[in-house]
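Trainee: My structure is below; once you've seen it, I'll send some questions.
The structure is reproduced here in C-alpha cells:
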C-alpha cells in the first residue's frame, strides 16, 4: 500500500487577540462565506499603511518565524496572534504571544480556535528550530519536510549537518515586496551557506536531494529510535491512565455528559427554589408590614373606645348633676307656690290678724303706709311683693333657671345618647381590628414555619450538584489524560511515519529524478508563465542549473525594474506550481506581497514604458486563477495588493479603506487617524 503524502499547509483564519481587559479582536478569514472550506485564492486589498503585509507577517510568526510586526497600533492593541490552519488536512490552532519580544514557545490545539476549551494544549519551543519538539519541525511534518538534514559540506562524508527549518522554507513560500526587484532571487549574492541551503531546499522539495551526504542511515536509526521512545512513553502513559480511569474515554464522556445534565437540573431546581423563597420572603415582609398596620389600627381602635367610655362617664356625671339641679329648682318652685315666704298674717303693731296680706300699691306700703323712694318703688323686698299685677319676681327667676337646666339637660342627654351609639360602632371596629390582628399574626406564623422544608430541599439540590461536580471534575481530568494518551500515540505514529518515509526514501534513492530534468522543467514552466504574463519581447528565457533565471539571453539582473518584478513572480510561481503538480514535499502555500510593484502606472512613473501596460497585472492574476482552477486545484495562494483589478473582486477576502467612514479601516480597525 502506497503511503499518503503530506498535504501541507492551508490557511483558515488569522485572529489577533486584544490586550488584557479588552474583548476586541482583529481577524482575517481565508475561508468561504459559509466557513466550510479554505479559499484557493485570497487577495488582501486596501490602501497603504493599513496592515495588509502585517497579516502575512503574523502568519509566518505563528508558523515559527522569529519576529512579529512592531507597529505602534499593534503594540498598543494586540496581545497574541492566533492562526487557524489545516496542517496535513487536520485543523490546528497555533497561538503565540505578540507582547514584547518574540515568544519562546507556541501553544497548539488540534481543533479550531472556537473549540480549544475542550481540547488538549500542546506546547512547542521556538528555538532552536532544529529541536524535534520545536514548532518548526511540527509544522514541517505537515509538509513532509521535518527532520531533513542538510550537510554543511556535501562533498565530505563527515560533514556537520543542519536540520531544515520553517524559516528556510519561507524563502520559497513567502515573496516579500523587496524580493521582487532586489536582484538576489536565487540568493546568488548572499553568503555561501545561505545560497547553498536554498539550493538544497529546492532539491529537497523536488526529491533530488542527495541523502547520501547526510548519512541517511543515521537519520533512519534516529527516527526509528525516536518513534520507539514515543511509543514506549505513550504505552507507559496509557498504563497509568488505565489504572486511574479504567472505564476509558467513552465511558468518561458519558459520565461527563450525565454529570453536566444533573448539574444543570440541580442548578435549575435551586434557581426555582430561590425564586420561590424570594417570593415567600416578599410575602413575609408584606405580612410583617400588614401586622404592624393591624397592630396600630387595633391600638387606635382600643384608644378610641377608652376615650369614648371616659367621655360618656364624664357626661353621665354631668347629666346627674343637671338632674339634681332640676329637682332642686322644681322643689323650690313648688315650695314658693305652697308657702308665703314672709308669713305676714298679723299686724306687728296690734297683733291683730290682717284681712289681706300687705302689698305695695302706688309706691306705698299697705301695711305701714310708708312711701318708698322712686328708685325702690318697683323693687320688691320680699317674695310677696307684686309689680303691676305680675307673678312674683323670685318665681320667674326660678322658672327661667329651670327652663335653662331642662334645656341643657336635654341637650346633654341627646349628646350622650349619640356618643353611646357611636361607642357601639367603636367597639365593633375595635373587635374587627383585633380579629384582623389575630389573622395576620397567624398567617405570619404559618409563613415563618415554611423555610424548614425549603432549606432541606435546597440542601439536597446542593448536595446533588456538589456530587455531580466532583464526578464532572473527575471525568474531565480523565478525558484530559486520555487526550494526552491519544496525542502521545499520534506523535508516536507521526514519528513512525517519518521513519517509514526515510526508509522509502532510501529504497527509492536510485530512482530519484535527475536534477537537470527538474531544472529543465522549472525553466520550461518559467518561460510558459512569462508568456502568460505577456512579457514584452520575450526571447531566450530559461533557468540555469544554479537556479538563476535568464531573459532575452541575459541574466535577469539586466532587466528593467518592471521586468525584474515579472521575472521574480514567474520564477517563484514556476517552482511552486511544479512542486505541487509533481506531488513532492512542500508547503503547497504561496504568499506574495505587492505583485504590481514597478508595473502599470508605477512603471510609467519610473520611465519604464515597456512595462506600463496594466494588462500585465491582469495577466498575472488571470494566470494564477487559471492554474488554481486547473492543475493547481488543492493549492492556496495569498496575495497582498493595494489595488487589485476588478477581475478578482470575488477573491478579495478583506479590503482596508483607511477611511473611518468605510470600515474596515485597517487590520487594527479601531486604530484610526
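In the numbering used here, the protein residues as written are 907 to 1579.
Don't be surprised by glycine CBs; every beta carbon is placed ideally from N, CA and C.
1. Counting only the same chain and skipping the five closest in sequence on each side, list residues whose C-beta sits under 8 Å from that of residue 1582.
2. By Cβ distance, which residues of its chain are closer than 7 Å to residue 1135, with the 5 residues on each side in sequence left out?
3. Exposed or buried, residue 1263, counting other C-beta atoms within 10 Å across all chains shown (16 or more means buried)?
4. Can you give me the start and stop residues for the beta strand (DSSP E) that residue 1057 sits inside?
5. So, are the CB atoms of residue 1336 and residue 1207 less than 8 Å apart?
6. Let me know if residue 1283 comes out buried or exposed under the rule of 16 or more other beta-carbons within 10 Å of its beta-carbon.
7. Return the CA-CA distance between residue 1554 and residue 932, expressed in angstroms with no decimal places.
8. How about residue 1042 and residue 1072: are their beta carbons less than 8 Å apart?
9. Should residue 1103 be labelled buried (16 or more other beta-carbon atoms within 10 Å of its own) or exposed?
10. Could you compute how far the alpha carbon of residue 1296 sits from the alpha carbon of residue 1302?
11. For the region 1524 to 1541 and the region 1439 to 1446, state whether three or more C-beta atom pairs, one from each stretch, are separated by less than 8 Å.
12. Which residue from 1435, 1378, 1466 puts its Cα closest to that of residue 1169?
13. CB-CB under 8 Å to residue 1538, same chain, minus the five flanking residues each way: which ones, in chain order?
14. Hey, quick one: how far does the alpha helix (DSSP H) through residue 959 stretch, first residue to last?
15. So, with DSSP's three-state summary, where would you put residue 1104?
16. Can residue 1027 and residue 1009 be called in contact, C-beta distance under 8 Å?
17. Secondary structure at residue 921, three-state DSSP: helix, strand or coil?
18. Would DSSP call residue 914 helix, strand or coil?
19. When we look at the beta-carbon of residue 1534 and count the other beta-carbons within 10 Å, is it buried (16 or more) or exposed?
20. Less than 8 Å between the beta carbons of residue 1517 and residue 1480, yes or no?
21. Would you mind stating whether residue 1005 and residue 997 have Cβ atoms separated by less than 8 Å?
22. Please report the residue range of the alpha helix (DSSP H) in which residue 1043 lies.
23. Nearest-angstrom Cα distance between residue 1100 and residue 1109?
24. Would you decide whether residue 921 is buried or exposed? Buried here means 16 or more other CB atoms lie within 10 Å of its CB.
25. Name the two residues that bound the continuous alpha helix (DSSP H) containing residue 1423.
26. Quick check on residue 984: does DSSP put it in helix, strand or coil?
27. Quick check on residue 1451: does DSSP put it in helix, strand or coil?
28. For residue 1176, I'd like the list of residues in its chain whose CB is within less than 8 Å of its CB, leaving aside the five on either flank, ordered along the chain.
29. Assign residue 1404 to one of two classes, buried (16 or more other C-beta atoms within 10 Å of its C-beta) or exposed (fewer than that).
30. Between the region 935 to 945 and the region 1463 to 1475, do three or more beta carbon pairs fall short of 8 Å?
31. Give a yes or no on whether the minimum CB-CB distance between residue 1393 and chain D is below 8 Å.
32. Taking the beta strand (DSSP E) that residue 1075 falls in, what are its first and last residues?
33. Does DSSP classify residue 1518 as helix, strand or coil?
34. From the DSSP output, which residues share a beta bridge with residue 1542?
35. Ends of the beta strand (DSSP E) at residue 1559?
36. Would DSSP call residue 1112 helix, strand or coil?
Mentor: Walking through what the data contain:
1. This structure does not reach residue 1582, given that the chain is present from 907 up to 1579, and the question cannot be answered.
2. none
3. exposed
4. 1055 to 1057
5. yes
6. With a pLDDT of 45 at residue 1283, under the threshold of 50, the modelled position of this residue cannot be trusted; read the value that follows with caution. Residue 1283 comes out exposed.
7. 24 Å
8. yes
9. buried
10. With a pLDDT of only 43 at residue 1296, under 50, the local geometry of the prediction cannot be trusted, and the value read off the model is given with reservation. The alpha-carbon atoms of residue 1296 and residue 1302 are separated by roughly 10 Å.
11. yes
12. 1378
13. 946, 1483, 1486, 1487
14. 958 to 969
15. helix
16. no
17. strand
18. coil
19. buried
20. no
21. no
22. 1041 to 1047
23. 14 Å
24. buried
25. 1421 to 1439
26. strand
27. coil
28. 1364, 1367, 1368, 1371
29. buried
30. no
31. Annotation note: the requested chain D is absent from the structure, which comprises a single protein chain.
32. Here residue 1075 belongs to no beta strand (DSSP E); instead the alpha helix (DSSP H) covers 1072 to 1079.
33. coil
34. 1495
35. 1558 to 1562
36. coil
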